[in-house]
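So the structure is just underneath, and the comments pick up after that.
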Amino acid sequence: MNNFDYARATDVADAVRRIAADKGARFVAGGTNLIDLMKEGVARPSRLIDITHLPLDRVEETADGGLRIGALVRNSDLAWHPQIAARYPLLASAILAGASAQLRNMATTGGNLLQRTRCFYFYDTTTPCNKREPGSGCSAVGGVNRMHAILGASEHCIAVHPSDMCVALAALEARVLATGPDGGRSIPFAEFHRLPGDRAEIDTNLRADEIITAVELPAQGFAANYSYLKIRDRLSYAFALVAVAAALETEDGTVKEARLALGGVAHKPWRDRDAEAQLSGAPATRASFARAADVLLRAARGFGHSDFKIELARRAIVRALTQAAAGTPQSQADKRIR
Ligand SMILES: Cc1cc2nc3c(=O)[nH]c(=O)nc-3n(C[C@H](O)[C@H](O)[C@H](O)COP(=O)(O)OP(=O)(O)OC[C@H]3O[C@@H](n4cnc5c(N)ncnc54)[C@H](O)[C@@H]3O)c2cc1C
Ligand code: SF4
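Letter by letter, the sequence shown follows residues 679 to 1016 in this note's numbering.
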């Protein structure tokens, strides 16, 4: 039995005050990840600060033509929001490819960013895991690592970030708004999550005393040519082996601008600007897409069971870009099933 206190934050300043006052405290939003971790004994917060009553549940226009998504907007509400569905269908597709309808009804935008890895050793408290217990070792290196990283890993941790939504947010160049004791700041999405290095226990660059208040999308939504392709063991309710968020601006069969981000392959959503640059100005053909895949995967490395993911990622990138260029996003089918 793990005892913990419970408190309800009254506003953002109160939430920050409470989290800063207690190192063992954690925010709880939808609870779909944190409560599981507590039940498994992986997380043992001394206090839960309930933030679900804060006024952070709106989607609003920004001055520069983009959208601001409150940290407490539920994943379902976001995916089905008319502005998101019309202007950022890549994001809607990615959200709808994740979890189940019931989970999406509970899960929040902020919580989705901070959900922890699905590495089975992380959840199994009888095994060494640097992320759960720093310095104890990594059971996945040399263990069962079929779901693990092929890019950006370290000897200390080869886990992947499990979110689908974050892969689309990386491709769309979102920003994360956070507030702490010293005020607010805006973090580029590419700098929000981090690679494991020798500190596997730290997933992001958010400070322990900060709260996420919103995620901002720029005006450009790539609504005409996009695809979110998620390859997984089951057709639904499974985490990605490899996921690809592809978005293109094309003119007369030539790529003017490309965005490419991968999920299920690294400790963070993996966006590669060199691969995007390779595509810029190239004909929108499978040959160009294959070259971009080669660039993106140039440093890929499997750890035994995960070797197959390199070729899988290569093929998924080509397919996603092909679907995006054709204006036929595969995940449209998901949208019919609410
Ligand atoms: C069976 C199952 C299958 C799933 N499948 C998928 C999938 O296929 N794809 C996918 O992307 N996801 C999947 N998920 C994960 C799900 O999307 C996440 O659990 C969910 O998004 C977390 O959001 P939450 O609001 O419930 O977070 P919580 O569990 O409430 O919180 C998660 C973490 O975020 C912190 N936190 C929450 N809000 C804030 C904030 N505003 N500021 C600072 N810290 C905050 C909490 O302290 C906690 O550490 C699955 C989950 C389950 C249980
Ligand atoms: S891959 Fe990371 S999360 Fe998994 S056992 Fe190793 S250190 Fe732990």
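By construction, the Cβ of each residue, glycine as well, lies at the ideal position given by its N, Cα and C atoms.
1. I'd like the ranges of any beta strand (DSSP E) spanning at least 3 consecutive residues and lying wholly in the stretch 846-887.
2. Which whole-angstrom value describes the C-beta separation of A749 and A892, a residue pair presumed to lie in contact below a C-beta threshold of 8 Å?
3. Jot down the residue ranges of each uninterrupted beta strand (DSSP E) in the stretch 763-797, minimum 3 residues, whole runs only, in chain order.
4. How far does the beta strand (DSSP E) with F705 in it reach, from first residue to last?
5. Which one of L712, M784, P1007 has the shortest CA to CA distance from L726?
6. Please tell me whether, using a cut-off of 8 Å, the distance from the CB of C844 to the nearest non-hydrogen atom of ligand 1 is below it.
7. Take I995 and list the residues in its own chain whose beta-carbon comes closer than 6 Å to its own, dropping the five residues that flank it on each side.
8. Any residues whose CB sits closer than 5 Å to a heavy atom of ligand 2? List them in chain order?
9. Classify L895 as buried or exposed, calling it buried when 16 or more other Cβ atoms lie within 10 Å of its own Cβ.
10. Measure the alpha-carbon distance for V920 versus Q956 and round it to whole angstroms.
11. By Cβ distance below 7 Å, which residues in the same chain neighbour F981 in space, the five residues on each side in sequence not counted?
12. Pop quiz: T795 and H839 are said to be a contact at Cβ under 8 Å. What is the actual Cβ separation, rounded to whole angstroms?
13. My guess is that G776 and A902 are in contact by the Cβ rule of under 8 Å, so how many angstroms apart are they, rounded?
14. L769: beta carbon under 8 Å from a heavy atom of ligand 1?
The relevant details are as follows:
1. As summarised for the stretch 846-887, the continuous beta strand (DSSP E) elements at least 3 residues long and confined to that stretch are 853-858, 861-866, given in chain order.
2. That pair is a contact at about 6 Å.
3. Within the stretch 763-797, no run of beta strand (DSSP E) reaches 3 residues while sitting entirely inside it.
4. For F705, the enclosing beta strand (DSSP E) covers residues 703-706.
5. The residue among L712, M784, P1007 with its C-alpha nearest the C-alpha of L726 is L712.
6. Answer for C844: yes, Cβ within range of ligand 1.
7. These residues qualify, in order along the chain: V922, A971.
8. Every residue passing the under-5 Å Cβ criterion appears here: C797, Y799, F800, C807, N808, K809, C816, S817, A818, C835, I836, A837, A878.
9. L895 comes out buried.
10. Going by the C-alpha atoms only, they are around 21 Å apart.
11. The answer, listed in chain order, is V819, N823, H826, I836.
12. Sure, about 7 Å apart at Cβ, within 8 Å.
13. Between the beta-carbon of G776 and that of A902 there is about 23 Å, and that puts the pair past the 8 Å contact cut.
14. The closest heavy atom of ligand 1 lies 8 Å or more from the beta carbon of L769.
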